[in-house]
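Asks: I'd like to ask you about the structure that follows.
2 protein chains.
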Amino acid sequence: MATLDKYCYYFGEGNPSGPGAKLVLGGKGISLGVMTNMGLPVPPGFTISCPTCQAYILSGNKWPKGLEEELDTYIARLEKDLGKSFGSTEDPLLLSVRSGAAVSMPGMMDTVLNLGLNDAAVAGLAKKTGNERFAFDAYRRFIQMYGDVVLGCEHHDFEKILNALKAKYSIKGDTDMTVEHLKELIISYKEYVAKKTGAPFPQDPKTQLATGISAVFDSWNNPRAISYRRINKISAEVIGTGVTVMAMCFGNMGETSGTGVAFTRNASTGIKEIYGEFLTNAQGEDVVAGIRTPLQFSQMTTMGPMWAGISAQLVKIMETLEGYYKDMVDLEFTIEEGKLWMLQARAGKRTGAAMIQIALDLIKEGLITKEEALLRMDPAKLSEVLFPMFDKKAAKTVIGKGLNASPGAAVGQIVFHSDACCEWAAAGKKVILVREETTPEDIEGMVTAAGVLTVRGGLSSHAAVVARGMGRTAVVGAGCCHINMDNKTLTIGDRVYQEGDYLSIDGGNGEIYDGQVPTVDVEFGEGFNQIMAWADEYRTMKIRTNADNPADCAAARRFGCEGVGLCRTEHMFFEKERIGVVREMILAESFEVRSEALSRLLPFQQSDFEGIFRAMDGLPVNIRLLDPPLHEFLPHLEEVDYIKTHAKQIGITYEKYVSTIRSLHESNPMLGFRGVRLGVLYPEISEMQVRAIMQAAVVVQTEGVVCLPEIMIPVLFSDKEMARLKELVTRIAKEVMDAEGVVVKFKCGTMIELPRACLVADQIAEHAEYFSFGTNDLTQTTFGISRDDGSKFIPAYQENGILPTDPFATIDQDGVGQLMKLAVEKGRSVRPGMSVGICGEQGGDPDSAVFLCKLGLSYVSCSPFRVPGARLATAQAAIKVMQEEKK
Amino acid sequence: MATLDKYCYYFGEGNPSGPGAKLVLGGKGISLGVMTNMGLPVPPGFTISCPTCQAYILSGNKWPKGLEEELDTYIARLEKDLGKSFGSTEDPLLLSVRSGAAVSMPGMMDTVLNLGLNDAAVAGLAKKTGNERFAFDAYRRFIQMYGDVVLGCEHHDFEKILNALKAKYSIKGDTDMTVEHLKELIISYKEYVAKKTGAPFPQDPKTQLATGISAVFDSWNNPRAISYRRINKISAEVIGTGVTVMAMCFGNMGETSGTGVAFTRNASTGIKEIYGEFLTNAQGEDVVAGIRTPLQFSQMTTMGPMWAGISAQLVKIMETLEGYYKDMVDLEFTIEEGKLWMLQARAGKRTGAAMIQIALDLIKEGLITKEEALLRMDPAKLSEVLFPMFDKKAAKTVIGKGLNASPGAAVGQIVFHSDACCEWAAAGKKVILVREETTPEDIEGMVTAAGVLTVRGGLSSHAAVVARGMGRTAVVGAGCCHINMDNKTLTIGDRVYQEGDYLSIDGGNGEIYDGQVPTVDVEFGEGFNQIMAWADEYRTMKIRTNADNPADCAAARRFGCEGVGLCRTEHMFFEKERIGVVREMILAESFEVRSEALSRLLPFQQSDFEGIFRAMDGLPVNIRLLDPPLHEFLPHLEEVDYIKTHAKQIGITYEKYVSTIRSLHESNPMLGFRGVRLGVLYPEISEMQVRAIMQAAVVVQTEGVVCLPEIMIPVLFSDKEMARLKELVTRIAKEVMDAEGVVVKFKCGTMIELPRACLVADQIAEHAEYFSFGTNDLTQTTFGISRDDGSKFIPAYQENGILPTDPFATIDQDGVGQLMKLAVEKGRSVRPGMSVGICGEQGGDPDSAVFLCKLGLSYVSCSPFRVPGARLATAQAAIKVMQEEKK
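Sequence order for the protein chains is A and B. Going by our numbering, the first residue of the first sequence is number 1, and it counts up by one from there. Going by our numbering, the first residue of the second sequence is number 888, and it counts up by one from there.
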């Protein structure tokens, strides 16, 4: 790492610009600089750069050389510009110290407000504002916040001291405290801090600032932030947050003061209307925390000329900012005694529906081009608009209503804690997380929940913002709800719900329904169809789907898939009436018995394929022959009764049954007797499957269905395996076609999922008519990581920056990608233009799309609900590649 | 596969020559052609080529087009040349049909003798030979052999019929049967064949020939042959045997007839002396089967002028053949009524000691050069001369004596069946296989036995030849032994041994000792040292050893190793007094408890390393940090009592103990939480190990030992892992060196054992100072084959030709080799000339040596006993590469 020329940047002065600027200043730093330069009212201040924080972290939490001196210069400048000075008993300089990383991580890192107050400065503040109560309230807030963030004191200890004081003087609300009360409270607070930390509360503002900055640096690596980065796939290679140090302005100086947030368009629907909330006589934290229910932005004009003026000023600022950002903007502001101050502006988070609407409107308004609109959309969000809605015709009992914070229909069992939410979801349950209000600690729970319901908070509350961000259905501020955490009940009206009871919530209208309301598929809006049509114009790769049954095929087709990229045949083996026969086949002691059992499985498989072929009429269907090791189909040894019964039924001894289970056990099943290895040793299994596929094709073709089966051999590492199975497939196919007198256009190819298959892809391509990358297994073998076991260290590897992303979610271009490139080149050197697709999880991953596009893949295949996102992501990839080539 | 121009080759006429000739004609076909051209007495005949057999097998056992017609021409030629004709009642043409593959597979495939006999021809044979009894005996032998080999009749059924006839007429020996008896026997045989096969015994000689040839073709794929090829690593890519069709000559026409085998030098010691055995009035099979104890070649001169003449003729022929083969020759001959016929000649199989002696002698005699001698030696055989011998000073009770068929000292528990041998050996026991005589069915048992003892058979018997071939100690023809298979006892004199009792046998002198006689290391002979010295002149790669303790290090050093290539530290963890502490460390619930347990392990590890460093004074020692997943060190859940006791001892609950075992369980431990992954998450473990290594180095250096430790990080896939561990190693090393004020020259490198590590080797080489290929794991991941589970399909894959060899024994150059090449190039592009070694099993494999040499590896590392073989193999590789470059 090179030494840094400069650590601090005064707002708007000599700030870096261009795409790399965010990596230096962070999102907040950039926006404050931009607004300053636009002449918007921004409190003076400066940003300590992200690389400074990085240097601090990488050196083991030491301040880089020269930072202290540079900071002194900037503080001196601030003092001069504002005519205030640190610790002044006349007019003290007070600062906010906030985090602001390159990628927005709302609420994850720490903030210190009112910094600069001490026993002397509090008098100065009182004198300057003429408001002694305000000054001492600010001081006690500062002790509390600084104590919590910087000194490691406990928030609830401060609360206890506060409550004790209120009890002592029989005070009800915080606002009822007098100056004397506050002074007494400050003394108690300082005593607590001294006891807790072994040192008096620091009185030197410079010490406060230095430790405050370090605390914000440190908060980059607090568990919340680490977990947020992992969940949101924020690369661990970009390390460190920026820190903005800015003159305080106070929204809590009375009824001509206030604070709020606003979106230039509706973040839920995308409609072009200002959508904002504010509180008078409050600090910003009060809005986000959802403690008081805020006023709507539109109400501002009705509150008298001062507020109407502020409103008009804000509307104008919003127009300016939209013109600059060419996007919907989310802003934070504070009004101090009638004067507006801008604290933050950024492209606002939005729902999938809003994303589409806003993009279409911005194009119409001439602000952005079609390509820009496509590039700017988040493929993952697109799936939100595909989620089912409640059936309008279904009977439902509305039992309450909250704010429609994030759309969709969620049905699930209620739980009251984030941890419980994770556990229940891991057990396969659909869960609704019910909370008074959510905090950053609830993130993991929200990720796993089907929906979120909160009692307090507005549309800008933590719950609302985060739920919209992750596309989770949410109803917030439902005051009709009463939670009792002790006996884990939710009371709505006269109904009492226990943990585990079912509720349904509608994020579109905020309604809460009793029990489980049935859902239906949505009609796609015109906007969605328009975006998809544009995406289809640009993309170079086709989109297929991974589907094993006609219903999934039909769903994927509705979403625009162009074929089945992976049809796993083993799922069909597990159905109840089949698994017994499958086991019989595996337990067979002779070729004859096995063949007989296989002949009974054939009609099942054939009818499965018929259904799939009909659903995919006219589109190719790539069917993978049996993949998992046979032991996966056998019962567990513990199922003694079942084994005894089944053994009797199929005429073998219990001992033989058990010994077969034992003998098929594997130490490393991932690397075991599976895939083509089964086909080589038990060709009769593959023959049955091919026969079922071809007979199904013949049946549907005679119905007039256009059937394009592709038969795929899994887990191979050698051309010789391919040659053997190709011969088998061709022979059986010919037998079936000859017998029926029908010609079926079929292909025979292979899954490329082992490093060796990539390395000898030229040899394999002599026989294989197409390739499909199985990047899940290819990643497992290339990295030597079992997906089932990797969870023990992959998260730590991500946090340590060893893995920039989870390679099972996003293609590892350096390693796995190198093998894929080799395979494509070698394969096509022998069979020019051969079809090469990808059917691993990473096929549906937007972050892998540019790489796959450059690789020249023919298609990506993903689960049905990821198809629209893949259509968009592949279009974005194609546009990016085109733009790169132009350069 | 191209069409074949030609299927048959008349002996010596237009035969292909050069290195590829064997692939066409097979070893036997070549030798018969060569001898014919030399003017040696070879019965006329021709060879059907190996590719013909291959075409037959690959087309599903169909004769290639035109073979039948070509065969007719060749038979007509034979009839003309010999003045005999097929089925003649005057002088019938009789043929032998024998297998003969490119690589010698003695006794594994089928043979048919006396072919051409039928009800008419038998009369012709009688007339021509004037010996009716001989003719009918030949006919009944033919029915028996043809019935067994071609028609699928059972050998023991024929025996039953024969015995019934002998009982009926109270006949003792076979030779007591009259012509009338034989005629009656032939009728019974034919009845049995007709009943068994549903058709009369074929009378048409052409049918006999065609089916006979097919049967020999088929015998290529009999289970014996398949298993032999697998054990001897004969590539499954070379398919098919040649078939020699040759005029019969009879060694059983009376006392002026006979048959034998001879070696031009002693195959056991290598001494230049003719070493041969023969039987009068017998067929070749009788010698090999060991049914009658044969006469020594030297006796021939004492048997009258005819035999003395034959002996002189043979001595001359042997000289000629040695001159041609420039090697010790093994030959088969038959004398028919005083006339010598040569049936086979080939380079003879020999012991390791003989191999060395013969090579040295041939150089001295000017027949071959030093390079030729080195190239011709079998590295695997070299280890034979390293095996311990019985301690000359030890008391031993000689209880019997047999023939010294294959040298060495073997001590073990006796078993009487090949299967038992395999089972006991698999259970880790040392076993001596005791048999009346061995057959090809005993091969698997012989592979696993420490030694072989047979009651019957000479030095050319199956047991002797095979045991010498595989370097197994053998004493054969020990007539003093009496086996009772029913109660599984071996009686020698008045001693009775049960299965499982211990015996010791000396293959050097043929003695059998009671119980377990202690053994001592051999002194290497001058010859061995000479060969090794020459090998060391040529080789370009250094030889290291895989050793975890001072004793193994010392042994390897004696064998000439130049360092430790792999010292596995985990083996040290399993020792009795340590494993409890290791478990305590794993079960620790906090960093502190874990660190405390680690601090108790440190002295153990340190003293291990001290011992190893002392043993390797002056040579580098490459130590791998902890590799296996932690669960491998924990007890099994079933060990309830142990767990309860140990839990109590270390102060945790039984439930916690069990839940840790459960939580550490992995689905695919090969791809699990192991190697560097442990080092990243629990750096304290690596720190302890590095500290132990460096402290040990400091201790031995102060003693004057030259210590060159190399610290190796296992299982990594990323440069970031390497950077982290390098920092750790460097930091701890510095701490230790600073504390002791001593400088230790150490290096820090990595194992390259995952495909991704190869793919990003350039990035890794930025930090790693050396590479060592862990080709076991690299092969597992590149192929997606778990070594533990692959046994289910690898043998079948080899038999099917999908895997030419076991990739865990011999480097897969196409796949794994490609990755290795990449890694070497990328690694050295960043760190020119960096040391790159190999420590996987394949490092000691002679068949991989040329590839590893071309790769430019710095060293190969193998187990101590493979070191001399590796010295030779790497020299051979260097010579081959040199020769290739000259071309």
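Backbone N, C-alpha and C define an ideal beta-carbon position, used for all residues, glycine too. Computed from a prediction, not measured in an experiment: that's the story for all the values here.
(1) To the nearest angstrom, report how far apart A:E384 and A:Q883 are at their CA atoms.
(2) Please confirm whether A:M1 has its beta-carbon closer than 7 Å to some beta-carbon of chain B.
(3) Alpha carbon to alpha carbon, how far is A:S17 from B:R1611?
(4) Which residues does DSSP list as the beta-bridge partners of B:W870?
(5) What are the boundary residues of the beta strand (DSSP E) that B:D1408 is part of?
(6) Whose CA, out of A:L754, A:D777, A:A556, lies closest to the CA of B:G1702?
(7) Could you work out which residue in A:G12, A:E766, A:E589 is closest to A:K726 when comparing CA atoms only?
(8) Measuring only the C-alpha atoms, how far is B:A889 from B:Q941?
(9) What did DSSP end up calling A:A2 once you bin it into helix, strand or coil?
(10) Determine the DSSP secondary structure at B:K1531, reduced to helix, strand or coil.
(11) Can you tell me whether B:A1438 is buried or exposed, with buried defined as 16 or more other CB within 10 angstroms of its CB?
(12) Under 7 Å, Cβ to Cβ, is there at least one residue of chain A near B:M1187?
(13) Anyone know if the C-beta pair for B:L927 and B:M1229 falls short of 7 Å?
(14) Using only the alpha-carbon positions, how far apart do B:T1427 and B:G1756 sit?
(15) Given that B:L1568 touches chain A, what residues does it touch there, using C-beta distances under 7 Å?
(16) What does the alpha-carbon distance come out to for the pair A:F136 and A:K183?
(17) What is the DSSP secondary structure of B:L1521, counted as helix, strand or coil?
(18) Return the chain-ordered ranges of every alpha helix (DSSP H) run that is complete within the segment 1338-1365 of chain B and spans a minimum of 4 residues.
(19) Give me the chain A residues within the contact set of B:T1617, using Cβ-Cβ distance strictly less than 7 Å, ordered along the chain.
(20) Mind checking the segment 696-723 of chain A against chain B and listing, in chain order, the residues whose C-beta falls within less than 8 Å of any C-beta there?
(21) Where does the unbroken alpha helix (DSSP H) through A:S188 begin, and where does it stop?
(22) Checking the sheet assignment: what are the DSSP bridge partners for B:T1432?
(23) What would DSSP say about A:D514, mapped onto helix, strand or coil?
(24) By Cβ distance below 6 Å, which residues in the same chain neighbour A:M246 in space, the five residues on each side in sequence not counted?
(25) Quick one, are the C-beta atoms of B:G1289 and B:G1345 less than 7 Å apart?
(26) Apart from the five residues just before and just after A:Q695, which ones in its own chain have a Cβ nearer than 6 Å to its Cβ?
(27) Going by alpha carbons, who is nearest to B:F1604 out of A:L664, A:G87, A:P807, A:T569?
(28) Between the alpha carbons of B:L1390 and B:F1277, how many angstroms are there, rounded?
(29) Taking just the CA atoms, how far does B:D1265 sit from B:Q1763?
(30) Under the DSSP definition of a beta bridge, which residues are partnered with B:Q1300?
(31) When DSSP labels each residue in this structure, what does A:F46 get in the three-state scheme?
(32) Between A:Y325, A:D442, A:N800, which has its C-alpha nearest A:M35's C-alpha?
(33) Report yes or no: is there a C-beta of chain A within less than 7 Å of the C-beta of B:T1761?
(34) Taking the alpha-carbon positions, what's the B:A1195 to B:T1188 distance?
Replies: Once the coordinates are examined:
(1) 29 Å
(2) No answer about A:M1 holds up, because its pLDDT of 39 lies below 50 and its placement is not dependable.
(3) 34 Å
(4) This structure gives no information on residue 870 of chain B, because the portion of chain B shown stretches from 888 to 1774.
(5) Counting along the chain, no beta strand (DSSP E) covers B:D1408, and no H or E run does either.
(6) Closest by alpha carbon: A:L754.
(7) A:E766
(8) The pLDDT assigned to B:A889 is 40, lower than 50, so where the model puts this residue is not dependable; a value taken from the coordinates is nonetheless given after this. Answer to the nearest angstrom: the Cα atoms are 12 Å apart.
(9) Below a pLDDT of 50, predicted positions are generally treated as unreliable, and A:A2, at 40, falls in that range; no measurement from the model is reported.
(10) B:K1531 falls in the helix class under three-state DSSP.
(11) Result: exposed.
(12) Closer than 7 Å: no.
(13) In this structure, B:L927 sits near B:M1229, with a CB-CB distance shorter than 7 Å.
(14) 15 Å
(15) Listed along chain A are F793, A796, each with a C-beta nearer than 7 Å to that of B:L1568.
(16) So the two alpha carbons sit approximately 7 Å from each other.
(17) coil
(18) 1349-1357
(19) Going along chain A, no residue has its Cβ under 7 Å from B:T1617, so there is no contact; the nearest lies around 16 Å.
(20) V715, F717, S718, K720, E721
(21) 179-197
(22) Answer is B:V1451, B:C1749, bridged to B:T1432.
(23) strand
(24) P43, G45, S96
(25) no
(26) Q606, V736
(27) A:P807
(28) 13 Å
(29) 10 Å
(30) B:Q1300 is bridged to B:V1318, B:Y1389.
(31) It is a strand residue.
(32) A:Y325
(33) no
(34) 4 Å
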